[in-house]
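Below: the structure, in structure tokens.
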Amino acid sequence: MRKIEFEVPTEVFGDFTEKLAETGLNNRVLGKNEDDEIEIEVFYDKEDAKIIDELEEHLEELIENIEEEDDDEEEEDEDK
Numbered sequence: 011m012r013k014i015e016f017e018v019p020t021e022v023f024g025d026f027t028e029k030l031a032e033t034g035l036n037n038r039v040l041g042k043n044e045d046d047e048i049e050i051e052v053f054y055d056k057e058d059a060k061i062i063d064e065l066e067e068h069l070e071e072l073i074e075n076i077e078e079e080d081d082d083e084e085e086e087d088e089d090k
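Each residue of the sequence shown is one higher than the one before, counting from 11 in my numbering.
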């Protein structure tokens, strides 16, 4: 059994855990780190590596969306 740790921003915790639940992989929440991200440990077998890749990509997309929203808010503030 292998394991990987994900550091998930609180803003996307629900979206990420929903996707994680769909995989059926065993996991546990470890707590928050110093950056206020939630650490999640996921256990998987070698044949589940593709699922882990998909989770990593999903998390990256969620984080990119947060950054884009932050950029949009900053631009709106500058326009005022």
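All residues carry an ideal CB built from backbone N, CA and C; glycine is no exception.
For clarity, every value in this text was computed on a predicted model and none was experimentally measured.
A straight line joining the alpha-carbon of residue 55 with that of residue 20 spans about 27 Å. A straight line joining the alpha-carbon of residue 42 with that of residue 25 spans about 17 Å. For a cut-off of 8 Å, the C-beta gap from residue 30 to residue 58 is around 12 Å, too long to register as a contact.
Here DSSP, grouped into helix, strand and coil, assigns residue 40 to strand.
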